[in-house]
Structure formats: structure tokens, C-alpha cells
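Residue 1067 is where the sequence shown starts when you use the numbering used here, and the numbers rise one by one after that.
C-beta atoms are modelled at their ideal positions from N, C-alpha and C, and glycine is treated no differently.
Quick notes on the structure that follows.
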Amino acid sequence: MSEATQARHRALIGTLPPSALRRPPMTFTMNMALLSPLIALLAGILILVMPRLLNFVVAIYLILIGIIGLAAYF
């Protein structure tokens, strides 16, 4: 990082309120509880777009939900 960039960073940090410096950064974590509804949403959209895929999409959905459910025990 160049000296000018470092100087800008120091100047910006000086303008931030102290509470902003203490907050941890926002993170997005993917857990099993979030994965299941996302898979269901994707499966539903695929079925609406291509109804002929119904059996295939339902089979994959059930397999994935089963794997996710069992993953909690291993």
C-alpha cells in the first residue's frame, strides 16, 4: 500500500465514531437451517419453469434434504 493510501486510511479512521471501530465485521454464514429453504425455493422455481422435470427435481430435492438432515448427526 502506498504512503498516500495509508494516510487516507488513517484520516478516515480518525473520522469514524469509536463505536464503529469496536464492531466486528458483518459476516454471512451458511448453515443447514438456511440451506434447506434455499433448495426448496430452487426446486419450486425449476418445476414452474419446466414442469416435465417434476419427478427429477423432487427426487433430487428429497435426496438433498435427507443428506442435510443426516449431516447433523455425523
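Query                                                                                                                            : Result
Residue range of the alpha helix (DSSP H) that Y1122 falls in?                                                                   : As written in the sequence, residue 1122 is Phe, which differs from the Tyr given in the question. Run containing F1122: 1120 to 1137, per the alpha helix (DSSP H) assignment.
If you draw a straight line from the alpha carbon of Y1139 to that of L1130, how long is it in whole angstroms?                  : 15 Å
Apply the 10 Å Cβ neighbour rule to A1109 and answer buried if 16 or more other Cβ atoms are within range, or exposed otherwise. : buried
Check S1102 in the structure and name its three-state DSSP category.                                                             : helix
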